[in-house]
Amino acid sequence: MKLTGAQALIKSLEMEQVEVMFGLPGGAILPVYDPLIDSSIRHILVRHEQGAGHMASGYAHATGRPGVAMVTSGPAATNIVTPLCDAYMDSVPIVVITGQVAYSVIGTDAFQEADTVGITMPVTKHNWLISDAQDIPRVVREAFHVATTGRPGPVLIDLPKDVANAPMEWYWPEKVDLPGYKPNVKGHPRQIKDAARLINEARRPVIYAGGGIMNAGASRALRELVDLTGIPAVTTLMGRGALPDEHPLCLGMPGMHGNYTAVTSMQKADLLVTLGARFDDRVTGKVATFAPEAKVIHVDIDPAELGKVRFADVPIVGDVRAVIEELVKAVKAEQAKHDPADIAPWMAQIREWQDRYPLKYTQEEGGPLKPQFVIERLRDNTPDDCILVAGVGQHQMWASQLWKFKHPNTWVNSGGLGTMGYAVPAAVGAKVGRPDRMVWAIDGDGCFQMTAQELVTASAERIPVKIAILNNAYLGMVRQWQELFYEERYSEVYLSPDLPDYVKWAEAMGCVGMRVDNADDVVATIEKANEIDDRPVVIDFRTDWREKVYPMVAAGSSNDDIILGPEFGEGGR
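First residue of the sequence shown: 5, per this note's numbering; consecutive thereafter.
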């Protein structure tokens, strides 16, 4: 069967069971948009190419399936670099297709030409520049395979316009043949046995669970390991929901803005069972002083992560779900031979920390609206399986601290890259992927102004996301650092509470807009928003600009120097 390259591309995406893609057409990709008219694939027209990439990311986070975005050449391709880098840092599987000028004129500085492959090589798992239409089905098959296997991540296919128009003979490859790409998914049995021995001997163990748990679908396996061993677990910013927060052994989020117990339990541990986490600097603080007495078991699908930041006493390369399942068997065998070490004193210490140093804030009656209060009321007035999306900054940290995650894949945020403007388009993508779920995005006023135009997309496509803006009229996290570390020299962080008018802006984009100024109106407004299911909703919560995120470990400091905040008295200790 004869097809054009463009037709072959669309048919290949259908063969990969793509149901939806996010994109914006332009000259170089135009040949592919023509057969899309006759395709079963739903196309969602974004208002900026960055939005397409973040929507694909939100879709992938919420569904576990790869998100797909398609844009044209030149500035469109460079606009999607940020989502590619974001997905690369957080190991999110997205497939991006970019148009390119005709292959015959590449290198001549043709109109809207850019070296897309060169530009994106550092921020993709792999990318392809297609020179022959006959290669299209094979490349698409390879791209989806690479994006979704091993350590997931973004890939890019760059398609020149003349290749898209060229004829080819249709086929679909039965298998993928990539001799140099063979992810190791099965952990080494001896290493797993050694890990089980260390677990059985440890007196102050902590499970350090990261985003890899989500990528591997390993939440159930993690819970089995926790229940078997009685070891408490911290869940990183990207791993929130890997173990339900209601589980008695879930300690919550560690790191720069983690709770005291999660941070300090890692510091005082004698064993870290590291599962799908990468010893990010926001978790470790000053590496030389991080968990000084702890031996380390490190399980990761990516061998490059093992020993990269912290030496692993037992490094295990493999799929974290498969490894945990084998580890459970090995621990049972070890327990049958030797009684586990007594961790009761350790658990008593952890409970004492939890009782003594909880997360604290005060919402005074008639006082300024606290952002933490808004988040807690949202948490308590949404379904258990609500998908929560966040931008980046103070609101992101409060959301991760205070929300009670009961299910995996219900927390969508930008962790590694810290991309402001992520929330609105990612929420749209998450809702497209899971239309059965309520989707709320908690955003900051600074973040919202970067990508709010994608609510036009949501309105046009009838995608009823709900956005809570915590409007403190500042770039809040930057202001916090300037207050604490720059002698209160507030350089270029004031945004204004009234410019823009968020209610009018929301209405102009086809959304329902609301405003809340005091605590008494918070719950009623949330309930009203929850009842609206035919269009997006935006609520402008006017929050206290003086509020800061605590606890806090200053960048480059030891986790032992955690600052608890003014609620705990002088010095925050």
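Cβ coordinates follow ideal geometry from the N, Cα and C atoms, glycine included.
Beyond the five residues adjoining it in sequence on each side, R438 comes within less than 8 Å, by CB distance, of A66, T67 and I391 in the same chain, given in chain order. Counting only residues of its own chain and dropping the five nearest sequence neighbours on each side, H58 has a CB closer than 6 Å to the CB of P87, Y426, P429 and A430. Taking C-beta atoms under 8 Å as the contact rule, N417 and Q400 qualify, at a distance of about 6 Å.
Under a 10 Å Cβ-count criterion, R282 is classified as buried, with 16 or more other Cβ atoms of the shown protein chains found around its own Cβ. In its chain, beyond the 5 residues on either side, K374, F377 and A523 have a beta carbon closer than 6 Å to the beta carbon of Q367. Around the C-beta of F148, 16 or more other C-beta atoms lie within 10 Å, and the residue is accordingly described as buried.
In the displayed model, R519 falls within a strand according to three-state DSSP. In the DSSP annotation of this structure, the continuous segment of the alpha helix (DSSP H) that includes K435 starts and ends at A427 to G437. Look at A32 here: in three-state DSSP terms it is helix. Collapsing the DSSP output to three states places L49 in a strand. Here A64 has P70, G71, V96, P97 and I98 as same chain residues with Cβ atoms under 7 Å from its own Cβ, once five neighbours each way along the sequence are excluded. S463 sits away from R519, with the two beta carbons spaced by 8 Å or more. Closest option to A60, judged by alpha-carbon separation, among Y37, L34, D90 and S44: D90.
The beta-carbon separation of V24 and V436, rounded to 6 Å, stays under the 8 Å limit for a contact.
The three-state secondary structure of G243, taken from DSSP, is helix. Under the three-state reduction of DSSP output, R546 falls in the strand class.
Taking one beta carbon from each stretch, the stretch 219-233 and the stretch 103-111 have fewer than 3 pairs nearer than 8 Å; the two do not touch. In this structure, DSSP gives N475 an extended state, which the three-state scheme calls strand.
Per DSSP, the continuous alpha helix (DSSP H) segment holding H399 begins and ends at Q398 to L406.
In the three-state DSSP reduction, W132 falls in the strand class (E or B). Here the C-alpha atom of R314 lies approximately 11 Å from the C-alpha atom of D285. Among the bridge pairs identified by DSSP, E173 is matched with K6. Taking the Cα of C254 as reference, the smallest distance to any Cα among R145, V482 and G245 is reached at G245. Under DSSP, K470 takes part in a beta bridge, and its partners are W444 and V541.
Going by C-alpha positions, Q195 is about 55 Å away from Y506. Burial of Q271 is indicated by the presence of at least 16 other C-beta atoms within 10 angstroms of its C-beta. The beta-carbon separation of N131 and L160, rounded to 4 Å, stays under the 8 Å limit for a contact. When DSSP states are grouped into helix, strand and coil, P319 belongs to the strand group. In the same chain as P501, and ignoring 5 residues on each side of it, the C-beta atoms closer than 7 Å to its own belong to N475, A477 and R546, in chain order.
DSSP lists Y478 as the bridge partner or partners of Y498.
W176 is classed as exposed because its beta carbon has fewer than 16 other beta carbons within 10 Å across all chains shown. Beta-carbon to beta-carbon, M242 and P412 are separated by about 11 Å, too far to satisfy the 8 Å threshold.
With a minimum length of 4 residues, the unbroken runs of alpha helix (DSSP H) contained wholly in the stretch 187-233 fall at 193-205, 216-220 and 223-233. The shortest CA-to-CA distance from A316 to any of A326, D323 and D304 is the one to D304. Residue pairing for I161: DSSP places it in a beta bridge opposite I101 and W132. Counting C-beta pairs with one atom in each stretch, the stretch 162-180 and the stretch 199-217 have fewer than three that are closer than 8 Å, which means they do not touch.
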